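Structure, as structure tokens:
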Amino acid sequence: MTLQGTIVNGQIVLNQPQSLAAGAKVRVEIKPTLLEPQDDWERRLRAIPIDCGVALSDGVLSREELYD
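183 is the number of the first residue of the sequence shown in the working numbering; add one for each residue after it.
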């Protein structure tokens, strides 16, 4: 069963009323669009490049090697 709702003051408010059994396990999935930056500082922070674990040697970056 999939239910949709919003988070208001730290509580999940369902779009349509729904009863869940006592002790029911619930998995909450937050879409990335809900994590939009709120101000300029957060936008700049998210724009910082993230290390993806790729390290290129100096030889690969030298001018002669670029055209091979």
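We put the beta carbon where it would ideally sit given N, CA and C, even for glycine. In this text the structure is predicted, and so the values were computed from the model without any measurement.
Subject >> Contact set for V210: own chain, Cβ-Cβ below 8 Å, skip 5 residues either direction >> reply: Listed in chain order, the non-local C-beta contacts of V210 below 8 Å within the same chain comprise I194, local neighbours out to five positions each way being set aside.
Subject >> Residues sharing a beta bridge with Q193, DSSP >> reply: Bridge partners of Q193: V190.
Subject >> L196 vs G205 beta-carbon contact at 7 Å >> reply: Taking 7 Å as the Cβ cut-off, L196 and G205 do not qualify as a contacting pair.
Original post:
Going by alpha carbons, who is nearest to I189 out of K207, I212 and P199?
Top reply: Of K207, I212 and P199, the residue nearest in Cα terms is I212.
**OP:** Helix, strand or coil for E211, going by three-state DSSP, please let me know.
**Re:** The answer is coil: DSSP assigns E211 none of H, G, I, E or B.
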